[in-house]
Amino acid sequence: MASLSRAFRVSVLSLLVTTAPLVAQAPRTQATKTRPPAAAPATPAVPVDTAAWLYKGSDIAPDPAWRFGTLPNGLRYAVRKNGVPPGQVSVRVAMDVGSLYERDTERGFAHFIEHLSFRSSAYVPDGEAKRVWQRLGATFGSDSNAQTTPTQTLYKLDLPSASEAGLDESLHILSGMMAKPILSDASVNAERPIVLAERREQPGPQVKFQDALRETFFAGQPLADRSPIGTEKTLLAADGASVKAFHDRWYRPSRAVVIISGDMDPAVFSRLIVKNFADWKANGPDVPAPDFGKPDPSKPATATLSESGLPAIVATAVLRPWQFNADTILFNQKRMVDTVAARLVSRRLEQRARGGGSYLQAQVAVDDESRSTNGTFTTILPVGNQWEAALKDVRAVVADAMKTPPTQAEIDRELADYDTVMRTMVETSRVEAGAKQADDMAGALDIRETTTSPETSYQIFKDARAKTMFTPETVLASTRKIFQGDATRALVNTPTQEANVPARLAAALKADVSGLAGERRVQAAVDFSKLPSLGAPGKVVQRQAMPDIGLEKVTFANGVRLLVFSNPAETGRVYVRARFGGGYGELPAKTSTATWAADTALVASGIGKLDQGDLEALSAGRRIGLDFGIDEDAFVLAAMTSPADYHDQLRLMAAKLAVPGWDPAPIGRAKAAAQAAQSGMRASPTAVLSRDLEGLLRDGDPRWAAPTSQEIAALTPRRFRKTWEPVLASGPVEVMVFGDVKTDEAIAAVTDTFGAMAPRGNEAGPPLTVRFPAHVATPVVRIHDGPDSQAAAVIAWPTGGGIAEIRTSRQLDILAQIFSDRLFERLRQESGASYSPSVSSQWPVGSTSGGKIVAIGQVSPENVPLFFRLSREIAADLAKNPVGVDELERTIKPMGQQLLRASTSSQFWLAQMGGGTYDPRRLAAVRSLGSDLMTTTPAELQALAARYLRPDTDWTMEVLPKAKAPATAR
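Take the sequence shown: its letters are residues 269 to 1238, numbered as in our numbering.
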């Protein structure tokens, strides 16, 4: 639920502000039709009903931060002030129409109109809205975008550093997109290839499974065959008249809600909404919404699929009719009990999976689906092909939960986590982003519910506990309720063809499972006293304050180093990171290692004698966690915690390094998960790129290569421990504590934990060296097993790495963004050959080499040469000619705004300053962040393009379907 937020700024924001002009201003053609100034409208005042329409029929206390209004034409709005991030205004226009509103001949039209609305309208010529918003600092795709679901089309715009004039212009454009998009034969024909490209680029196996799931679960309802992307037949048949007929039927002010949350007076929001939307008039009669139906018990209960690109999967659903419920306090409290019941079953399923057996994962969720059904959905990922045993074992756990009540201790365990989530929302409400609040309001509209403050939501939960609504008897009753319904469905996918699958699935659903439940695990009480001792607190030997960047650097007697970044304005959030060892640079460059298993198994293998279940009990009701990652120059343990919990969070991390556990069970689970993923590694062009590209761009370096089936099978707990035990035990340690902390208290907490550890080797290893592949005359070819219409193409150029040329790396980000924008215009907008081509610059600060500019496009096999030709033409032009003033402004301004917004978060500074205690240049480099970006000139970008985008150094790759690939491809 949405909550009240306030902005904050940290002292280092001044580093991002420059008094120099962005670029020289040049005259340009006005993009939109001439508008009167925003002030003092000449037309008579429009009467606005300011009743809180969202809360009609609800006894939930309205969130006082939201202001509401209804215009005479039926359009509604909800607005509020929010300063996170500072200066930003987030706008959402929610249209109550989606793919479920389409007739059979209109499938895909709701999504098609989303595209056409952005393309052109009565107020903006073809493609110009994107450029207008770029000049206002918005990034296309992240700040300006839209999405279509079965029940809603949501238009999104985040305006950074918004002014009243910029917001007025933006709402004018959005009003034209809603009321007066250009829906001619010409515009439909121009946009159709892009929509078809989007449809083509969807990963085949996942689409097949989702289609089968929808057709099975919702058989007899419109949702069964109403994917928002539509069908090729209906999209090809669309013309201006048919699309306009759909638009006129459903795009009406009475079906529209404008939502704004941002750093401006809400009265301004209300006034500008009235100004820009009050004259919108519907075309044609108002027709009632279609009937979405209800679950049909007469339809087949089971279905099967054999998709080789996916592992074995079993999905089941217990379905009940969806019905509107007044969003009352009692309704929400009863739903909380249902949630606890589902989470309790999911935890039991997880405990069973950890012990080994027939399935890797299984989870239960209760949800409303597209206002079509209320369902209890269970997803099961079996081990290998043991789908029958997995389904029976899961059914046994569910049956046991429906038969025997849980203990109060089990319930209290779930309530502790539930309480933590809701309490955290209250504690961090001051820093909740306006964009999230706007999205939450749109989501509440879609599901016909309300939104309220975190404080109110938390009180509703606490009142439910006070009324003893969470007892063994009530949770048992809820468990029985959520696993009963009007219809039951099941779908199984088998990667290979198997005999008699339909009959076996039906039998597994009916089999007697009473003897399979096993004993429930009784988790012993665990607290932090059970963690291994770290020794006496350490000693601080040096403190260095860096007030200009809000930082303090500390060195301890045992060699551990610390960076503390106190940002009290980031209320309730503390980010803790421990960088240790040498990262990828410490791993062998000639032989493969089990890096692929570390993500899953290293944290789960426990601490000392405590296993994963013990550690979860240890952190119950607290914001404590543990993630593992690998950088070029360090291994990383990371977590987001709270001011109350970060001391114990540090203790947990230090204990993981000092006394790791080696429970073998997570190794087996990691192997089974990796083997399950093997089946999908050739399923689509994107799957092949995910498997091979990182390794190929590093000239086949095994540290970045995906594991083979043989390598997965060869991993044993002993080999895993042999790899990772010395990594955890040695090498320099840098601790970072950023966020809502007091500096002296954070230093004391590290003194007690990491400072107490035994001394470790403190010398960093040699810099990581990464090879880029040699230029190839013809592209490297890989094969995928997906549809013959899918292909992918990659072209890359080597750049550099390290901190010494950090200005160059930042300017390469600008160059890559300009390249990406041009490729988007030519490959998507002009040619319709690709939906989302992209170009990025990757510059590793922790390595002196390995940087690259990479362009990727998903295209049809016939358009692979076009991708390479356009990419090389753009690269050559960037090297030959300087970038124009307007183009540079439209690139740098959104990037500057992204930087300014990101810098309000401690996470941003974590990423910038990591490794700074060992390489002070990294800390010094933050001082030039803003100037490196904002003072870049066309001549510098041209020189960089000439230096790096060379035709004699590029490397290319194409991923083709088997039928269209050369015989030598693999």
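Quick reminder that beta carbons are idealized off the backbone N, C-alpha and C, glycines included.
Exercise for the section: Give me whichever residues DSSP pairs with Q676 in a beta bridge. Expected result: Answer is none; Q676 lacks a bridge partner.
Exercise for the section: Report the three-state DSSP secondary structure of P589 (helix, strand or coil). Expected result: strand
Practice task
Less than 8 Å between the CB atoms is what I'm expecting for P579 and S947, so what's the real figure, rounded?
Solution key: 5 Å
Practice task
Kindly list the residues whose CB is nearer than 6 Å to the CB of S614, restricted to its own chain and excluding five residues on each side of it in sequence; keep chain order.
Solution key: Q631, V632
Practice task
Label P1027 either buried or exposed according to how many other C-beta atoms from any shown protein chain fall within 10 Å of its C-beta, with 16 as the threshold for buried.
Solution key: exposed
Practice task
From the DSSP output, read off the bridge partner residues of S1139.
Solution key: S1139 pairs with nothing; no bridge assigned.
Exercise for the section: Would you mind giving the Cβ-Cβ distance between A1123 and L1217, rounded to the nearest angstrom? I have them listed as a contact below 8 Å. Expected result: Wrong, their Cβ atoms sit about 10 Å apart, outside the cutoff.
Problem - Euclidean distance between Cα positions of R1248 and D1089 - result: Examination of residue 1248 is not possible in this model, given that the chain is present from 269 through 1238 alone.
Handout entry: Assigned secondary structure, P1188 (DSSP; H/G/I helix, E/B strand, else coil)
Key = helix
Problem - Beta-bridge pairing of E1002 - partner residues as DSSP gives them - result: R829, R847
Problem - Beta-bridge pairing of H1052 - partner residues as DSSP gives them - result: P1229
Exercise for the section: Would you kindly report the start and end of the unbroken alpha helix (DSSP H) that includes Y1216? Expected result: 1206-1216
Practice task
Note down the Cα distance separating D436 from Q415, rounded to an integer number of angstroms.
Solution key: 23 Å
Practice task
Decide if A505 is buried, meaning its Cβ has at least 16 other Cβ atoms within 10 Å, or exposed.
Solution key: exposed
Exercise for the section: With DSSP as the reference, label P1066 as helix, strand or coil. Expected result: strand
Practice task
Answer yes or no: do G753 and L886 have a C-beta to C-beta separation smaller than 7 Å?
Solution key: L886 sits away from G753, with the two beta carbons spaced by 7 Å or more.
Exercise for the section: Return the first residue and the last residue of the beta strand (DSSP E) that M814 is part of. Expected result: 808-814
Practice task
Taking 8 Å as the threshold, find out whether the stretch 892-907 comes into contact with the stretch 840-859 through three or more Cβ pairs.
Solution key: yes
Practice task
Pick out whichever of W518, T1021, K807 has its Cα sitting closest to the Cα of P553.
Solution key: W518
Problem - Residues near Y323 in its chain [Cβ-Cβ closer than 7 Å; skip 5 each side] - result: P330, T718
Exercise for the section: Look at the Cβ atom of G1182, then the Cβ atom of G1119, and state whether they are nearer than 7 Å. Expected result: no
Handout entry: Within the stretch 557-629, ranges of the alpha helix (DSSP H) (whole runs, at least 4 residues)
Key = 597-622
Handout entry: CA-to-CA distance, V842 to Y345, given in whole angstroms
Key = Y345 and V842 have their C-alpha atoms some 35 Å from each other.
Practice task
Drop a sphere of 10 angstroms on the beta-carbon of V662, count the other beta-carbons inside from all chains shown, and report buried for 16 or more, exposed for fewer.
Solution key: buried
Handout entry: Inter-residue Cα distance where the pair is E1193 and F738
Key = For the record, residue 1193 in the displayed sequence is Ala; it is not Glu. The straight-line gap from Cα to Cα measures roughly 53 Å.
Exercise for the section: Could you check what DSSP says for S389 in three-state terms: helix, strand or coil? Expected result: strand
Problem - Close-in-space but distant-in-sequence residues of the same chain around P1041 (CB under 6 Å, 5 per side omitted) - result: D967, W1223
Exercise for the section: Measure from the alpha carbon of P568 to the alpha carbon of each residue in G488, N544, P534, T596, then state which is nearest. Expected result: Restricting attention to G488, N544, P534, T596, the CA atom closest to the CA of P568 is found in G488.
Practice task
Just grab the DSSP bridge partners of D635 for me.
Solution key: G643
Exercise for the section: Compute the distance between the beta-carbons of K939 and L894, then report whether it is under 7 Å. Expected result: K939 is not a Cβ neighbour of L894, given a cutoff of 7 Å.
Practice task
Compute the minimum distance between the beta carbon of A594 and the heavy atoms of the ligand FMN, and state whether it is under 6 Å.
Solution key: In the structure on display, the ligand FMN does not appear, and there are no ligands present to speak of.
Exercise for the section: Tell me whether Y423 sits in a helix, a strand or coil according to DSSP, three-state version. Expected result: strand
Practice task
Run the CB neighbour count on N1149, radius 10 Å, all protein chains shown included, and call it buried at 16 or more, exposed below.
Solution key: Exposed is the call here.
Practice task
Report yes if the CB atom of P805 is closer than 7 Å to the CB atom of T1019, and no otherwise.
Solution key: Taking 7 Å as the Cβ cut-off, P805 and T1019 qualify as a contacting pair.
Exercise for the section: Could you check which residue in D1200, F1006, P1035 has the C-alpha nearest to that of R1078? Expected result: D1200
Exercise for the section: Report the rounded CA-to-CA distance for A594 versus N600, giving the unit in angstroms. Expected result: 10 Å
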